[in-house]
Each structure stands twice: as C-alpha cells, then as structure tokens.
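Just below is one structure, and these are the notes that go with it.
There are 2 protein chains.
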Amino acid sequence: MASIAEELAEKHKEISIGEFFERNKHILGFDSLTKALVTAVKEGVDNSLDACEEAGILPDITVEVRSIGEQEYSVSVEDNGPGIPKRKVANVFAKLLYGSRFHDIRQSRGQQGIGVSAVVMYGQLSTGKPTLVRSKVMEKDYANEFRITLDTKNNKPDILSQEVVLWEGKAHGTRFETCIEGLLRSGEHSVFEYLKNTAIVNPHTQITYVSDDETVVFKRATDQLPPKTKSVKPHIEGIELGTFVKMAKSTERRRLSSFLVNEFSRISYRTVKDICKEAGIGERTNPSEMDIQDCKKLLKATARVKIMAPETDCLSPIGSMLIKKGLKNVLKGYHPEFYAPPITREPCVYSGNPFQVEVGLVFGGDLPSEGPVRVLRYANRVPLLYKKSACATTTAIKNIDWRIYGLEQRGGKGMPSGPAIILVHVASTRVPFTSEAKDSIADIPEVVEEIEKALRECARNLRTHLNKGKTREKISEKFMVVKDILPMIAEKSAAIVGKEPPSLEKVMTKIMGVVYVENTFVKKDKIWESTININNYTPRKRNIVVYMEKPYPDTELIFSDPEPVFNGDHLRWELSSMDPSASRTICFRYNGDLGKEDLSGIDVYVEGVSETELIGADPLPADWDIALAEIEGGE
Amino acid sequence: MASIAEELAEKHKEISIGEFFERNKHILGFDSLTKALVTAVKEGVDNSLDACEEAGILPDITVEVRSIGEQEYSVSVEDNGPGIPKRKVANVFAKLLYGSRFHDIRQSRGQQGIGVSAVVMYGQLSTGKPTLVRSKVMEKDYANEFRITLDTKNNKPDILSQEVVLWEGKAHGTRFETCIEGLLRSGEHSVFEYLKNTAIVNPHTQITYVSDDETVVFKRATDQLPPKTKSVKPHIEGIELGTFVKMAKSTERRRLSSFLVNEFSRISYRTVKDICKEAGIGERTNPSEMDIQDCKKLLKATARVKIMAPETDCLSPIGSMLIKKGLKNVLKGYHPEFYAPPITREPCVYSGNPFQVEVGLVFGGDLPSEGPVRVLRYANRVPLLYKKSACATTTAIKNIDWRIYGLEQRGGKGMPSGPAIILVHVASTRVPFTSEAKDSIADIPEVVEEIEKALRECARNLRTHLNKGKTREKISEKFMVVKDILPMIAEKSAAIVGKEPPSLEKVMTKIMGVVYVENTFVKKDKIWESTININNYTPRKRNIVVYMEKPYPDTELIFSDPEPVFNGDHLRWELSSMDPSASRTICFRYNGDLGKEDLSGIDVYVEGVSETELIGADPLPADWDIALAEIEGGE
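What follows is the structure, encoded as structure tokens:
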C-alpha cells in the first residue's frame, strides 16, 4: 500500500496554464472549425475596440480572412489604436493571463487577459505557424514587427524574429496576422454576422471586412465615442466574505469608517454610521483587527442598510437608440406591428460587480410567426453568437410565462414562439461568462433575475399594446363612420334649411374625443410634397409634437412650414398649443431619388396624446421613439 | 498619444491563475448556492473514486453536509483511498492546476488538476474559513492533519497549522472538510441526486451520505472493481499539426519510422511503410529535421491509411448492465413498453484523444408522455446534472429527426417529447468539457457525430419495435381467436362423429407458427406459485431459454421444476430442445411478503424466438436483457 500511495503521489505535478488551455482549446472557443475563425476575429476586434476607446480614438478596423489552403486561413486584424510599446508587444500577444483590464472595475470587452494570446496559441497548434504582429506608437517613426509563438510549457512568448519596419500612412496602430485551421461559413454564426452586429451597437466604429469573396465596409455612423467608462471601487453589496476579510486585513486604513468610505463605492460616512450601528461594531475599530465574525456581521448589516446603487459611469449601456437600430437591422424587409420601448434597468450588483441590463422587443406585423422567437444577445457591446442555450438570457426568457403577455409558449415554459424579436444586453464591470470563450453568460441568480425583470417590463408594454389595440380599433372604426356621415348630414340639413353647412369641429370634439392625424403625399418629378393635418377633436388643450423619420440617406428636406428641428435621423415639429377643436397643418417637401420607396411607408409619431385618443399616427411615449428623442437630446 | 500608449501599456500585468478563478468562480461551478454544494461534493467524490480505483481499493466514501449557519454548510468527504504522503497534501488541496492525471492518456474523472483546490478556494472566499485536511498512508501509524487556504495571488497553499494525529480505525484514507456558502436542496440538481447517480454507475462503491435530515447508504453492489484503465500513447488521428511538430522536434528517435511506431498508439512498422509511401517521405528521415510541410503531408497521409481504432483499455465504458440499472433506477414505479438494447460504440478519436459513446433508451408504457424526453448524462462515469442545454449530448439529440423513429418532435427539430428516457455516456481520456466546472460536454463535431450515431442505432431498434408491435398485435389477435375457436370446433366435430376430440397441437402449429407462453400465478398465504406453459406452435425445433426477474429483495425461491440457474437478479431456465408442437411447463414457488406487489407485474423473457413469433412473453435478444446475461456470464 505504501508504495501505491507514494507511486501515485509521484505523479502529482504542476500543470502549465499554457498546456492546460492547449489541451482544452474548446474552452477558449476553438471547438469547431467555423467557430475557430469567429473566435479569432472576435478576440482581435474586441482588443482593438477596447484600445481605441481607452485612447479616445475613433476605431478604424480592418479584418481580413483569406483562404490559404485546405481548411486553413490567414486571419488579420488591423486597427488605428494607440499601439503597444515594443517591450510589451510579445507579452500581450503570447502570454495567457496577461492583460490591462483584469484588475480594473469598469466595463470593457476584454477582461480575462486570455483572448488574443489564445488565438496565437491556436494558430501555432493547428497550422504550426507563428503569428506576425506589427505595432506603432505615435511618437515613433517606425513600427516594430515580431514573429512570435507561445511557449505553452512556460506560458511566455517565443520571439522568432523582431525587426523595425516603416508603416506607410499609419500614424499609430496594431496589426496581427495568424494562420489558423478553420472554415469560413455564412449565416447566423459567421464572421460577417459577428462584425455586422458589432458595427450596429458600436456605430462610432468603422469596420472593413475583406474575404476572398467580398469586401464589406460597415461605415462609421457617428463621430461620437461612447462615454469613456471609469474605474470604480468595488461595491459592497454581495461581495464575498473572503474578499472582504482579505481587504480588511490588507488595508492601510486604521479605522473601519475610513476603510469603508475609501475602499468601497457609494459609502458615505453617514452610511457607515448606520452600518456600524446595525452591526454593533465601533466605527473606530481597526479593520485589520476584525475577525471573521465581525466581518460577517458587517456584511449582513450592509444588506439591511440602504446603500446607493453602483455608479453608472463604470458601465456603458447600448442605449435605446442603438437597441432600436440593432433590432431594425435584423428587421430589414419586415414591418413589425409594435416596437416596445427599450428598457434600461438601473445598475445592480452581483458579488460586488456592477451590472446593468437592457432589453428591446419588437412584435407582430409580418415577422415570421412560426418557430421560436429570435433572440439577439450582447455582453458589453459584444454580440454573442454561440452557446445560446447555455446563456442566462435564455434562462431568463424561459423562466417567464409569455402567454400572459401575448406570446405563444407551450405549457408556459421554454422558449416562446411567434412573431417577435428580443434583444438583451448585459453590461458589467465583469460579465460572468460561462467559460473563457465568452460565448454565454452564466446563470448567476442576480443576473438572471434582472434580465427577467427587464423582460417583464418590456413585455407588459406589449400586453398593454395588444389590449389597447382592441380598444383603439373600435374607436377608429367609430370615428371613420362619424367623420364620413356627419358632414353629409350637416350638408343635407343645411340645404334643407337653406343655410351654410355649420362647422363640425365642436360636434366632432364632443362625440369623439380623439386627435385625428391625416397624412398625404404627392410626387412631382423628384420632389415629394407631404401634408400632415392634425385636428384636436378632444375637449382638452394639447401640446403636440410630431416626429417623422428622415426618409432616405440621400434625400434632402427643401421646404417645411412650420420649421422642424433636426434630431439625427428625425424631423421634429413642436406645434404651438392647440385648443379643443383647433387644427394645424404641417407642409414639407423632399428632394431626392426615393427609388421604389414611398413616403407613406414612413411612420409619423405624435407625442402628447395617449394611444387610445390618437387616430392616424403612432403615439408617443407608448412607442420607443420618445426615448430615442430623449437620448439624442440629452447627449 | 505617446503618453496614452505608454499609460495603457503600464497597466498590462500578469494575472495570477488563482485570482483569475477567484473572480470567475462560476466557471468552476460555483455560480449558484445550490450548485456550489453539489460542486464541492462532486469534486471530492471524483477525487476519492479516482484514487481508490488507481490503488485497486474498493471505495468506501462518506459525504457529510451539515448546516452551520445561514446559507453556510460544512462539507466533508472521507475515503479509504491510499492516502496522500505528507509532502504532497497541501499542493493537492490548495494549488490550482496541480494534479496527477493531466499528462496521463487514460480515462479518469479528474483531469484538470483544478477540482478540489477550487473547493478550498471557494470555501475561504465565501466563508473566510480554511479547509481541514487529514490523510493517512498505510505504512504510517498516524495521520497528518492540515489547516490550509489557497494563496490566490501566488497560487500556492498557505498552511495555517499542521499536526500529527491518530486516526482510530482507519488504515488509510483522506478526509477534507470545508465550510462553504451554499443551499441544500432536493430534486434533480441535488447532492443526493449526484450521489445516487454516481452509485448507480459505480456499483463497486459504497457511499454514505449524511445530512441534518437523513443518513443514506448507497450500498456496494459488487466487489469487483471496474477494469483498471491503462495509459496509452496518443493516437495520431486528428492530432493537431502543432502538437505533432512539437513531438517531432523533441523526440529522441532518429528515424521517422521508430518515432511513429514508438510514440503513437496503434502504428506498426507495416503501417509506417504505407504512411510514408502515401506522404512521399522516407522512413529513415530524421523526425526533428522535418519541416511543417513534411509534417502536414504525413498527417494527411495518415488520414488516408487505415490505422486501427484506439485501444479500448484506456477507456472504461459503463456497460450494458449498468446502463440498464441506471435507467431502471429512474424508472421506479414505471413500466415502460420497450427497453432498447444499449449501444456501446467502438472507440473513436478527436484531436488524438480516444473516446467512446454509450446510449440506452426506454420507451412507452406508463412513462410520462407530456413534455420533453428525459435525458441522463454521464461523462467518465460521473453524472452531469447541470448545463444540460449546453451539452453535446443535447445537441446530438436535437440534431436527429425523431419523428421517423416514433417520437414526437415539433417540426423535426429540438428536443423530442413523449414517453422516453435516454441515457448517454461519453468516456474519454480527455472529456472536452465546456468549462472547468465539468458540467457539460463541448460540441466537438466528432463527439456530437458519434453520439448521434449511437442514438440513431438505438432509435432504429425503437422503430423496429414499434413496427413489429403492429404486426405482433395482429398475429396475437388472430391466435387468440384460433386458440378459442379451434377446440370448440374439434369438440363439436368429434361429438358428431362420436370420436375423442383430436390433438390440436399439430393443426395449431400449421395455422399459427408462434410460440405461445402462458403465465399463471396463485397465492397461498405467503407462498406464491407460478406456472409457465410454453407451447411450440412453430414448424421448427426450438432451443428456448426463459428469464424472469427475482420479484423482490426479501423473497425466496423455495421450489422450481426444472431447476433454474441464478444470474444475479434473474432466474434462468434452459429448456431442452422443443420439437414442433411440443410443450413444456415450468413450475416454481416463492416465499415472502410481496406486499401489494403482484407477480404478474414481473416480466417473463424468452430467448430463441423472434419477436413476431412469440405470444405471451417478451422476446430476447430484441430486448436488452440478453446483453445483461452475456455480460454477467462473460465477466
């Protein structure tokens, strides 16, 4: 027996992190040939976006995927980021668990320090070839170029060659090129799809995608970088006891109060008082002298004291406008009946990590009604294409009984089906991915719960819409009848008594109680003229605002009375206060080739009137465009 | 700009593997309180089983889970394994990526060198408390006891105390006790369920489970250890080019032929000849002088040359008998209509790693017909309870159009529904888990394909059964009519002509062509008497074997004519050769309290007759019990 215990013990060895991942490359996202290509591109692009945003540079990224043999591709990603100083390049690209964002508490795409080094490792593993890296920082006239591999046994870079090169026309940036085994596919899980979805929620980015078959440019849509996320201190809510004990032991603060105020976010001296009272521990206690029981009491007390939600500036939500764009993009050719206003929840905390959930939903119209609803998933502005079923977003969707909100669902469980698309974004200083491949979000109870809440909030609007729809339909029918018949009656009656037909506005107002919008278009050559009539047939004064999308990228508004306010892609007319029975007219003209498009396909939105009182236009704020307007105005 | 590149570069730091997992504890299986407990127990038990099996010891494991505070539990796992020598204990329990099985190519439960150290880390993280480890090797009179934590920053153990203790009544073994935050639940995802399912496929193990509410002993069912798995050399099929290049560069062999024969499994000098010819590379080439192109050619050539499948002795499949037991266990109270014979596929290879798939299926009867089919998943004899939807087993099941095999499935996609339970086991020298938590198997194309093949094979038997069922039903109806009417006709005719009624066996044989089994039971006090009549109404000689399950654990067979053979839980009567029209009778008596049970609930199986020729009993080998009998006989 002795010999067996000893014999077995002799086999115990340290395992290199490099060898571990070399043998478990699927954990890093290299489980199939198709996915390997997507992962390689994704890790490169994520890094480039993070670097550009941190340096305040509008990202300009070129991704090239070229076939160089049977199931072998050369993948390169080039950016205009700040560049990497020579001494750091090799480690950034060929050392696992090496990175700049791991210790930072703020939202970023890369957080693990594994990504791009995993690509280098997979490249050499699958094709035996080294990776070529070139980087240039602004203050140098030249770039440094390396050929490197990852020495998996020691988890450090092997630099095969290193030289100084000129990089014509490039002020600064980084480029790498790796040869990997892979398979370039189109469809839902493709490089193209990943880049497209990235471009949608990162409109400050220009992405050029070059493959053997095509060159696609996802153009920059805005010159405004998203607000830079700020590093914050950890939030005390849900922090692990062990982490808290470690912090208390190692702090240089001598008093509990200053420890809590200075090393955690959102704790004031006032809050400390409450916490300490609740915990029965003195504020002047030396934190390093507290034992586990004290720490436990303190953490329990924080759960009972109201502590402010985490700062929002460590997070960068997508925002209503981009959620809408994200959904519109997949909607090409479809005309949904209802756009639920996107929901952006307040930031929350899991294990001390702030996170925030956003949800968007479109429903009905001519969306496919067969099969499960489509789900678009994002984490820290990165589209998630794989492992859908293992994702907290899917868990949350399945947890909800969608039947009460108007979607079909077998037995009130599982994926709902029907004509709907749901977008979910989880932003966090540390997204709890299920594995290093960052394919899906783990089922952390706090996270699942927040997603559920956001979904329910969104879904409630869907239900309201569906209910109101019925009411509205009835009112609309009634109005149309009255609107046609009343003038006829008036005319005939007037003819009989030999008088002028009376004004009907006041009568209509009494009978109907609705705001009626009429929208007409006339085409003259390339000029489109539109007239919008607004009649206030309600007994109340109305401050009405009318919105309309800019119809086409290359068209021009050449006349409008009254003058509209431009709001990005929208026109906005603020009408002066309208008394009961009053009416207004907006008249405007567009110049430009609309092709087969027709202005009647462009929706008119009206703010200031509730859904059931409005006929002939879509109401705000029940529609999400109000949120769009607010964001645009607020930024 | 320069300052930004430099500033950002300054933040680049090495990340400790300990800190990485501390912050990503969900990757290790600690994503929820319920799961944390299961993970802690699982990692401990997996280690104990591996250690015992390697040392050739019948495992005797005690798992204790005690509530010690609000959402806080003490978890301990004690085994009778070989013990760990003093100098290794701390590293085994408090160093991530440290283990004995990582470099071994053979099936074992732990392969990552992370498991139990992750439990220690999660314990200190969630409760701030160290882990208590005690271990004793046989040749010492005393045990060593440690209180340790994991220093995550340096990924090494912190030994808080260390002492020599007596361990009364323990010859050898290891025990650890960790305090963790958790939640003890019952149900599908519980500690109990994990242990029960572990016991089922590891019948050589005795597991005692102690919680505040219950003490359960899963008794050892056999004293036979599963065959010890052997370490093998890597298989060349699907090996990564990079790995091959590395091996070629570092080998001490001077000739390609001896390199291939000695460092890979299943390659003979004969095979080398074929490979080299196919690749156009000389057998005497020095492997370390080959370039990437040569290596690529060689690997391509191996794909075209037939190389033997990997050795099976590095793998330890569950086997038909245990698959059946596993399914029977979840079937308690149900009586399925059909047990598909379990499928054990030949070993295959992915990325050079041998693996083997087994599948079992039961169908129909009173199994719940609502909702999706139930799936039992195992990897290397370890039950997988979590992340079902992210598992290759689920992917494979969803890939199949089950409608053609007789199960319901919406649109021929997704999970099939209906009255069926499917068991899938993947055994491998390296199971490709999706993450370090070992919850589910990654969608490696080769693995998914093999699972699909096994499932289809199994499902084809289901289809055959369902088709035959229809034929059989018709024959059975016809037989019953003939059997009742023929004697009446014979009697009447005999009466008319004034003769004795003729023997009808030969006529029945001519008309029907079936073997008819009749089974009657009579109860006298606590004695049950059973008579089985077998009539060979077929035109062929038959060698018939009758099987019957032992009806109840505490009953006793007190008489049988003829004498049966005992085969574990089964009685087996081999009847002497039966001529056409011959009949036999088996008569036996049982003593014992059967409670509300009734012997008629116990199936009789008949071997030697095809399904469509048998009436009144279930046929073999169409049923899987034949496999059971073979295995039992063969071992």
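Chains as they are written, first to last, in our numbering: chain P, -15 to 619; chain C, -15 to 619. Each residue gets a CB set at the ideal place from its N, CA and C atoms; glycine is no exception. All values derive from a computational prediction rather than experimental measurement.
- Against P/G303, chain C offers no close residue; the least beta-carbon distance is about 26 Å (beta-carbon pairs closer than 7 Å).
- Given a length threshold of 3 residues, each whole run of the beta strand (DSSP E) inside the region 164 to 210 of chain P is given here in chain order: 190 to 195 and 199 to 202.
- Per the Cβ contact rule, the region 120 to 131 of chain P is not in contact with the region 95 to 106 of chain P (fewer than 3 Cβ pairs under 8 Å).
- Look at C/D44 here: in three-state DSSP terms it is strand.
- Under the 8 Å criterion on CB atoms, P/V59 is classed as non-interfacial with respect to chain C.
- Residue contact check for P/R159 against chain C: no CB pair falls below 8 Å.
- Rounded to whole angstroms, the gap between the alpha carbons of C/T199 and C/Y193 is 6 Å.
- C/L21 is not bridged by DSSP to any residue.
- Taking 8 Å as the threshold, the shortest C-beta distance from P/D15 to chain C falls below it.
- As computed with DSSP, P/I405 is found in a beta bridge with P/V346 and P/R358.
- Annotation: the region 443 to 510 of chain C contains the following complete segments of the alpha helix (DSSP H) (minimum length 4 residues), in chain order: 489 to 496.
- Close to C/R131, with beta-carbon spacing below 7 Å, lies no residue of chain P; the smallest spacing is near 14 Å.
- Under the three-state reduction of DSSP output, C/H10 falls in the helix class.
- Under the Cβ distance rule, C/I164 does not count among the residues neighbouring chain P, no pair being separated by less than 8 Å.
- Ranked by Cα distance from P/S249, the options P/D207, P/P211, P/P403 and P/A293 are led by P/A293.
- At a Cβ-Cβ threshold of 8 Å, C/S567 and C/N503 do not count as neighbours.
- In the structure shown, C/C36 falls within a helical segment according to DSSP collapsed to helix, strand and coil.
- Buried is the label assigned to C/L179, since at least 16 other Cβ atoms lie within 10 Å of its Cβ.
- Minimum Cα-Cα distance from C/P141 among the listed residues C/F130, C/A479 and C/W386 corresponds to C/F130.
- When the Cα atoms are used, C/R237 and C/F228 turn out to be separated by approximately 14 Å.
- Here P/S60 carries a strand assignment [DSSP, helix/strand/coil].
- The DSSP-derived three-state label of P/R254 is helix.
- Closer than 8 Å at the C-beta level to chain P, one finds these residues of the region 359 to 380 of chain C: K371, S373, A374 and T378.
- Beta-bridge partners assigned by DSSP to P/G83: C/K(-3).
- Burial is judged here by how many other beta carbons sit within 10 angstroms of a residue's own beta carbon; P/T158 has at least 16 and is buried.
- Beyond the five residues adjoining it in sequence on each side, C/Q91 comes within less than 7 Å, by CB distance, of T213, C298, L299, S300, N364, A411, S412 and T413 in the same chain, given in chain order.
- At least one beta carbon of chain C lies nearer than 8 Å to the beta carbon of P/M122.
- Two segments are said to touch when three or more pairs of C-beta atoms, one from each, lie closer than 8 Å; by this definition the region 316 to 336 of chain P does not touch the region 275 to 288 of chain P.
- According to DSSP, residue pairing for P/W386 in a beta bridge does not occur.
- Under the 8 Å criterion on CB atoms, P/A263 is classed as non-interfacial with respect to chain C.
- Going by beta carbons, P/F5 and P/I(-1) fall outside the 8 Å limit.
- In the same chain as P/A443, and ignoring 5 residues on each side of it, the C-beta atoms closer than 6 Å to its own belong to Y389, in chain order.
- Against chain C, a Cβ distance below 8 Å from P/L225 picks out L109, S110, T111, G112 and E165.
- Of the residues assessed, P/I(-12) falls on the buried side of the cut-off, its CB having 16 or more other CB atoms within 10 angstroms.
- Per DSSP, the beta bridge partners of C/F160 are C/V61 and C/V117.
- Looking from the CA of C/A205, the closest CA among C/E597, C/Y574 and C/P43 belongs to C/P43.
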